[in-house]
Amino acid sequence: MKPAKTAPALIADQAEVPDAPPMPIPPHGGSFVLNEEANTLVHVPLPVPEPEAVEGGVKTPVKPDPEEAR
Numbered sequence: 007m008k009p010a011k012t013a014p015a016l017i018a019d020q021a022e023v024p025d026a027p028p029m030p031i032p033p034h035g036g037s038f039v040l041n042e043e044a045n046t047l048v049h050v051p052l053p054v055p056e057p058e059a060v061e062g063g064v065k066t067p068v069k070p071d072p073e074e075a076r
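Positions 7 to 76 (the working numbering) are the ones given, in order, by the sequence shown.
Below, the structure written as structure tokens:
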């Protein structure tokens with residue numbers, strides 16, 4: 007019966023795999039889609055609705071007037 011191989015021995019038996027670049031982290035609000043023709047990943051941002059179009063949407067903050075603060 008053959009002795010069991012250890013993890014380093016198993017890794018050494020595998021074919022050399024070229025290092026691939028790390029998977030990029032998509033910016034907030036999007037994802038990556040595979041472009042099969044170019045074999046690349048393309049970032050697809052999610053549509054951002056206008057704040058007025060969303061009921062109760064985020065309004066731009068108004069900075070207080072320093073004169074009124076006194």
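C-beta: ideal position from N, C-alpha, C; glycine also.
Mind reading off the beta-carbon distance from residue i to residue j? Whole number of angstroms is fine, and I expect it under 8 Å.
i	j	result
P39	V48	Correcting the residue type first, residue 39 is Val in the shown sequence and not Pro. The pair is a contact, with the Cβ atoms about 5 Å apart (cut-off 8 Å).
Would you list the residues sitting across from residue i in a DSSP beta bridge?
i	result
N41	T46
P51	G36
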